[in-house]
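Reading through the structure tokens given below for one structure.
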Amino acid sequence: MREPLIARMREFGTTVFAEMTALAVRTGSINLGQGFPDTDGPPGMLARAVEAIGGGFNQYPPGPGVPALREAVAWHRKEHYGLDYDPDGEVLVTVGATEAVATSVLALCEPGDEVIVFEPFYDSYAAAISLAGAVRKAVTLRPDAGRFAFDPDELRAAVGPRTRAILVNSPHNPTGTVFTRAELSAIAEVCREHDLIAISDEVYEHLTFDGVEHIPIATLPGMRERTVMISSAGKTFSVTGWKTGWICAPPALTSAVQTVKQFVTFTAGAPWQLAVAHALRHEQPWVADLRLALQGKRDRLMTGLAAAGFEVLRPSGTYFVQTDIRPLGFTDGLALTRELPSLAGVVAIPTQVFYDRPERGRHFVRFAFCKRDEIIEEAAARLATLGEAARGER
Ligand code: PMP
Ligand code: GLN
Numbered sequence: 115m116r117e118p119l120i121a122r123m124r125e126f127g128t129t130v131f132a133e134m135t136a137l138a139v140r141t142g143s144i145n146l147g148q149g150f151p152d153t154d155g156p157p158g159m160l161a162r163a164v165e166a167i168g169g170g171f172n173q174y175p176p177g178p179g180v181p182a183l184r185e186a187v188a189w190h191r192k193e194h195y196g197l198d199y200d201p202d203g204e205v206l207v208t209v210g211a212t213e214a215v216a217t218s219v220l221a222l223c224e225p226g227d228e229v230i231v232f233e234p235f236y237d238s239y240a241a242a243i244s245l246a247g248a249v250r251k252a253v254t255l256r257p258d259a260g261r262f263a264f265d266p267d268e269l270r271a272a273v274g275p276r277t278r279a280i281l282v283n284s285p286h287n288p289t290g291t292v293f294t295r296a297e298l299s300a301i302a303e304v305c306r307e308h309d310l311i312a313i314s315d316e317v318y319e320h321l322t323f324d325g326v327e328h329i330p331i332a333t334l335p336g337m338r339e340r341t342v343m344i345s346s347a348g349k350t351f352s353v354t355g356w357k358t359g360w361i362c363a364p365p366a367l368t369s370a371v372q373t374v375k376q377f378v379t380f381t382a383g384a385p386w387q388l389a390v391a392h393a394l395r396h397e398q399p400w401v402a403d404l405r406l407a408l409q410g411k412r413d414r415l416m417t418g419l420a421a422a423g424f425e426v427l428r429p430s431g432t433y434f435v436q437t438d439i440r441p442l443g444f445t446d447g448l449a450l451t452r453e454l455p456s457l458a459g460v461v462a463i464p465t466q467v468f469y470d471r472p473e474r475g476r477h478f479v480r481f482a483f484c485k486r487d488e489i490i491e492e493a494a495a496r497l498a499t500l501g502e503a504a505r506g507e508r
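So the sequence shown is residues 115 to 508, counted in this note's numbering.
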């Protein structure tokens with residue numbers, strides 16, 4: 115039989131998140147790999163979902179999403195960012211941000227079009243671009259004064275006649291960088307100059323620290339009309355299993371994405387949609403508490419990782435922290451993360467898998483801190499022995 119999987123998807127095996135979570139389960143390790151919280155979202159929101167199910171809200175919601183959620187999204191965009199989106203035609207509810215990214219790329223990119231991504235990039239971007247038959251062009255984020263940043267000249271050099279879109283992700287997974295206004299302006303300038311679309315994955319929009327504020331690229335001059343802004347309730351309200359996200363974009367872009375989306379899932383998650391509509395309007399204090407709590411968890415984990423001997427790069431957003439493993443005597447993050455369960459009973463993510471040029475991220479490992487404090491403490495205690503293990507190996 116012919117190889118069943120289409121050629122352009124063959125480079126994508128099992129996702130690193132599935133692989134590492136399976137490793138954690140198999141070895142009974144603490145899972146600081148896949149980013150999912152180990153506590154629940156706001157109780158009021160959870161109760162709304164239960165009520166919705168009990169109240170018979172269980173059939174197909176409308177294709178663009180439940181009106182109450184689209185209205186809440188539009189209200190929330192205005193309230194937080196001063197952005198006006200029409201709930202009818204400029205908001206589309208999706209099956210998480212993953213579907214939003216995939217259907218945006220599929221809807222907006224012709225085969226052979228190029229999409230610029232910042233590496234290390236979230237793994238689904240590469241797969242979505244390949245599925246579309248498009249070509250990715252990676253611009254590398256490199257540590258610079260303690261945070262990962264890009265060189266605007268490198269970004270400009272990545273643009274060619276076939277470039278169609280820039281996939282922006284700020285706050286950025288897996289580095290924790292929150293792009294500054296200057297960085298976003300450099301991206302916006304390139305978009306305007308070359309008539310590009312910004313597909314902007316903002317799932318960590320509310321998870322920023324130290325007073326750093328997230329700036330949506332759509333708020334920059336000339337950008338609202340060319341931006342697909344993507345959010346996810348999974349991150350904002352700690353319900354990654356609900357897979358409820360949305361895009362906000364001008365009518366022509368929204369309609370294009372909906373044309374594809376209606377044949378992928380058509381629609382999903384009626385009860386979650388109602389519950390998230392409630393949460394957007396009423397659970398902002400809960401989100402503010404989450405953000406503060408996460409900042410404390412970040413500090414706790416950073417302290418533990420530094421004590422264990424890692425060089426730690428401070429993230430300004432997301433729930434991930436990057437470490438450089440070389441001070442411990444290791445050089446290859448993939449080898450280390452496969453060994454980490456037996457060395458320390460902890461699972462993490464090798465950052466190199468998010469690069470087109472893996473050698474640029476070979477020495478970085480990502481740890482998630484969206485876990486209860488006692489779990490972070492236990493992980494830190496286990497990792498404290500790593501220096502000895504490393505010395506023993508050498
Ligand atoms: N984008 C980024 C940057 C992510 O980290 C994630 C994962 N959580 C997603 C998209 C996927 O979001 P969702 O679970 O809503 O599909
Ligand atoms: N976004 C999560 C992370 O980066 C995991 C998502 C997934 O499992 N696909 O860890």
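Yeah, the Cβ is synthetic: ideal placement off N, Cα and C, and Gly gets one too.
With a cutoff of 8 angstroms on beta-carbon distance, G210 and K357 are scored as near each other.
Per the C-alpha coordinates, the member of G260, C362, E473 and T451 positioned closest to R191 is C362. The stretch 397-405 makes no contact with the stretch 115-127: fewer than 3 CB pairs, one atom from each, lie closer than 8 angstroms. N145 has V461 as its beta-bridge partners, per DSSP. In this structure, L298 lies away from R278, with their beta-carbon atoms at least 8 angstroms apart. Here I490 carries a helix assignment [DSSP, helix/strand/coil]. DSSP places P455 in the helix class (H, G or I) of the three-state scheme. Note on S456: under 16 other CB atoms within 10 angstroms of its CB, so exposed under the neighbour-count rule. With distances taken between CA atoms, P335 lies nearest to A302 out of A302, G325, K349 and M343.
Rounded to whole angstroms, the gap between the alpha carbons of R295 and I329 is 7 angstroms. In the structure shown, I331 adopts helical secondary structure according to DSSP, grouped into three states. Per DSSP, A271 lies in no beta strand (DSSP E); the unbroken alpha helix (DSSP H) holding it starts and ends at P266 to A272.
What you get when you keep residues with a C-beta closer than 6 angstroms to any heavy atom of the ligand GLN is T129, F131, Q148, G149 and N287. By the neighbour-count definition (other C-beta atoms within 10 Å, threshold 16), N145 is a buried residue. With contacts defined as CB atoms closer than 8 angstroms, Y174 and T381 qualify as a contacting pair.
Taking C-alpha positions only, L408 is separated from S346 by approximately 17 angstroms. As a beta-bridge residue in DSSP terms, Q436 pairs with L427 and R480. R276 has its alpha-carbon roughly 45 angstroms from the corresponding atom of P399.
The C-beta of V460 has 16 or more other C-beta atoms within 10 Å across all chains shown, which makes the residue buried. Residue range A384 to H396 is occupied by the alpha helix (DSSP H) that includes W386. Short note on S218: C-beta not closer than 7 angstroms to any heavy atom of the ligand PMP. Here M115 is exposed. Its C-beta has fewer than 16 other C-beta atoms within 10 Å.
Taking the Cα positions, V371 is about 11 angstroms away from G203. Going by DSSP, A300 is part of no beta strand (DSSP E) but of the alpha helix (DSSP H) stretching over R295 to H308. Buried is the label assigned to A332, since at least 16 other Cβ atoms lie within 10 Å of its Cβ. For H308 and K251, the gap between their C-alpha atoms comes out near 15 angstroms.
Sorting T129, A138 and D152 by C-alpha distance to the C-alpha of R486 places D152 at the top.
Cβ contact annotation for R184 (same chain, cutoff 6 angstroms, sequence separation greater than five): P201 and V205, in chain order. In this structure, the C-beta of A389 stays at least 7 angstroms away from each heavy atom of the ligand PMP. Between P285 and T432, the CB-CB gap stays under 8 angstroms. Taking 8 angstroms as the cut-off, the Cβ atoms of A449 and R496 do not count as close. Of T354, P234, V390 and P364, the smallest CA-CA separation from I313 is found for P364. With contacts defined by Cβ atoms closer than 8 angstroms, C223 and A240 do not form a contacting pair. According to the DSSP assignment, E228 belongs to the beta strand (DSSP E) that extends over E228 to E233. When rounded, the separation of the alpha-carbon atoms in T417 and F126 is 35 angstroms. Across the structure, R414 and D198 are spaced so that their CA atoms are roughly 39 angstroms apart.
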